[in-house]
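Single-structure report; data block below.
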Amino acid sequence: MNIRVAGPRSWSGPRNGAPWVWGFAAAALVWLVILVISGQGGGQTVSLALSLAPYLVIVGLGQMLVVTAGPGNIDVSVSSIISLAGFVSVAAASATGSAAVGILAGIGVGVLVAAVSTVAILGLSVPPIIATLAAGLVASSITLSTANGFTAVPDAGLRAALNLRPAGVPVLALAIAVLTVLVAALLRRTVYGRSLVAVGQNRRAAERAGVPVARVIATTYLLSGALAGLTGALLAAYIAPSADLGTRYLLDSVAVVVIGGTLISGGRAVPVGVWGAALFFILLDGLVNLVGWSTAAQNLLKGGLVLFVLFLAGGGDRSGGLASLFRRRPRPAAATTTTTITGDDTDG
541 MNIRVAGPRS
551 WSGPRNGAPW
561 VWGFAAAALV
571 WLVILVISGQ
581 GGGQTVSLAL
591 SLAPYLVIVG
601 LGQMLVVTAG
611 PGNIDVSVSS
621 IISLAGFVSV
631 AAASATGSAA
641 VGILAGIGVG
651 VLVAAVSTVA
661 ILGLSVPPII
671 ATLAAGLVAS
681 SITLSTANGF
691 TAVPDAGLRA
701 ALNLRPAGVP
711 VLALAIAVLT
721 VLVAALLRRT
731 VYGRSLVAVG
741 QNRRAAERAG
751 VPVARVIATT
761 YLLSGALAGL
771 TGALLAAYIA
781 PSADLGTRYL
791 LDSVAVVVIG
801 GTLISGGRAV
811 PVGVWGAALF
821 FILLDGLVNL
831 VGWSTAAQNL
841 LKGGLVLFVL
851 FLAGGGDRSG
861 GLASLFRRRP
871 RPAAATTTTT
881 ITGDDTDG
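Its first residue numbered 541, the sequence shown is counted upward by one per residue in this note's numbering.
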């Protein structure tokens with residue numbers, strides 16, 4: 541029996557050919573509103589958004605991989621990893637005088653925390669949300685202890701590099717664009733990527749097809765931890781290490797994944813969509829700060845716009861999304877007593 545996974549459908553879906561469009565469309569809309577309200581040129585706004593969005597994109601790509609693994613898979617430890625990796629990275633760079641060592645230390649922290657989650661998920665059968673939450677709490681406790689009396693300062697050379705903007709385009713944005721292309725290639729061109737999509741689409745069928753599901757899941761969480769650690773290392777150098785450095789990145793990382801077109805039910809990953817959704821969130825923050833709205837009003841606006849974008853993009857989900865309520869449903873086919881079983885049946 542041969543089990544095949546439809547590669548193209550795992551990227552766009554039959555009813556929604558470009559799910560990543562919605563994030564970019566929403567970002568463009570918010571940018572136009574900012575332009576109208578401020579009455580100033582939009583180039584500086586775009587440059588600033590491109591300076592901040594890459595940090596959300598990095599952690600979002602890791603979260604995307606986890607979500608692609610199928611229902612129930614989510615990494616809620618990313619915010620704690622970012623905060624802890626920020627302190628460890630700055631401390632390592634200060635002690636060794638090498639920014640590269642600091643970045644590697646931050647990535648290592650992310651991998652270590654993710655390894656704890658992975659052991660709990662695969663070895664103890666703990667639900668992913670509980671396993672990553674527990675690992676995140678441990679990381680948070682270590683972060684709070686490290687923050688007391690912390691005196692190291694971010695590497696000046698790395699901070700200068702993160703602030704480089706030739707022709708108004710941040711160097712970091714270009715680097716993360718390349719990373720996004722590599723993640724897309726990883727998903728499309730490698731055995732791991734095809735296996736991850738297969739597991740997300742139908743874990744049982746993937747197991748029957750001989751896919752090493754446990755290895756794929758472990759690799760996915762370790763990659764998410766590594767990317768969260770990289771985010772913390774870069775963000776701490778760009779701003780400063782703090783105990784709440786990664787707080788906003790938990791919910792935002794999940795939101796950019798879903799708005800970007802990745803199925804929350806798994807089986808379809810859209811790396812380029814993470815960029816559009818990240819730009820949307822960064823520009824939205826700029827808009828609400830520009831108009832001086834209260835925190836409650838900001839959250840109301842964010843929630844409303846997120847729901848609106850999800851409503852528009854809902855047609856690409858397996859369940860049809862909210863938009864399916866307004867589509868005419870086909871009549872059920874007439875009952876038949878003939879059952880055909882083929883060798884390509886993914887359910888075995």
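Positions of the beta carbon are idealized from the N, C-alpha and C atoms, including for glycine.
Check: Which class does S805 belong to by DSSP, given the choice of helix, strand or coil?
Finding: coil
Check: Roughly how many angstroms separate the alpha carbons of P559 and S623, rounded to a whole number?
Finding: 31 Å
Next item on the list: Give the straight-line distance between the Cα atoms of V798 and G813, rounded to the nearest whole angstrom.
Entry: 9 Å
Checklist line | Status (buried if at least 16 other CB within 10 Å, exposed otherwise) for S617 | finding: buried
Check: Where do the ends of the alpha helix (DSSP H) carrying S638 lie?
Finding: No alpha helix (DSSP H) contains S638, which DSSP labels as neither H nor E.
Next item on the list: Please decide whether V659 counts as near chain C, where near means a Cβ-Cβ distance under 8 Å.
Entry: In the structure shown, chain C cannot be found, because there is only a single protein chain.
Check: For A717, which residues of its own chain have a beta-carbon under 8 Å away from its beta-carbon, when the five flanking residues on both sides are left out?
Finding: W815
Notebook entry, point to check: If we count Cβ pairs, one from each stretch, closer than 8 Å, do we get three or more for the stretch 728-740 versus the stretch 574-593?
Noted result: no
Next item on the list: Taking the CB atoms as reference points, tell me whether A589 and L823 lie closer together than 8 Å.
Entry: yes
Check: If you count every other CB in all the chains shown that lies within 10 Å of the CB of I670, and 16 or more means buried, which is it?
Finding: exposed
Notebook entry, point to check: For Q741, does the count of other Cβ atoms within 10 angstroms reach 16, so buried, or fall short, so exposed?
Noted result: buried
Margin query: Taking the alpha-carbon of I643 as reference, which of A836, L830, V630 and A758 has the nearest alpha-carbon?
Written below: V630
Check: Between the C-alpha atoms of V693 and S587, what's the straight-line distance to the nearest angstrom?
Finding: 26 Å
Next item on the list: Taking 8 Å as the cut-off, decide whether the C-beta atoms of V651 and A766 are in contact.
Entry: yes
Next item on the list: Return the CA-CA distance between L601 and G832, expressed in angstroms with no decimal places.
Entry: 31 Å
Next item on the list: Counting only the same chain and skipping the five closest in sequence on each side, list residues whose C-beta sits under 8 Å from that of T787.
Entry: S619 and S623
Notebook entry, point to check: alpha helix (DSSP H) containing W562: first to last residue?
Noted result: V561 to S578
Checklist line | Own chain partners of G801 with C-beta closer than 6 Å, once the 5 adjacent residues on each side are dropped | finding: P559, W560, V810 and G813
Margin query: Threshold first: 4 residues or longer. Then list the alpha helix (DSSP H) segments lying entirely within the stretch 728-799, N to C.
Written below: 731-741, 743-748, 753-778 and 789-799
Next item on the list: Look up G816 in the DSSP assignment and say whether it is helix, strand or coil.
Entry: helix
Notebook entry, point to check: Under 8 Å between the Cβ atoms of V628 and A655?
Noted result: no
Next item on the list: Have a look at G772, I779, S665 and F564 and flag the residue whose alpha-carbon is nearest the alpha-carbon of Y789.
Entry: G772
Notebook entry, point to check: So is A817 buried or exposed if we call it buried at 16+ other beta carbons inside 10 Å?
Noted result: buried
Checklist line | Simplified DSSP assignment, three categories, for T585 | finding: helix
Next item on the list: Using beta-carbon positions only, say whether Y595 and L791 come within less than 8 Å of one another.
Entry: no
Note to self: Rounded to the nearest angstrom, what separates G583 and A713 at their Cα positions?
What the structure shows: 15 Å
Check: So Y732 packs on V756, CB below 8 Å; how close in whole Å?
Finding: 7 Å
Next item on the list: Assign A777 to buried or exposed, taking buried as 16 or more other Cβ atoms, counted over all protein chains shown, within 10 Å of its Cβ.
Entry: buried
Next item on the list: Could you tell me the distance, in whole angstroms, from the CA atom of P529 to the CA atom of V678?
Entry: The question about residue 529 has no answer here: the residues shown for the chain are numbered 541 through 888.
Notebook entry, point to check: For V570 versus F820, is the C-beta spacing smaller than 8 Å?
Noted result: yes
Next item on the list: Could you spell out where the alpha helix (DSSP H) holding G676 opens and where it closes?
Entry: P668 to A687
Check: Expressed to the nearest angstrom, what Euclidean distance is found between the alpha-carbon atoms of P611 and A701?
Finding: 39 Å
Margin query: Out of G826, A568 and A758, which one is the CA nearest neighbour of D615?
Written below: A758
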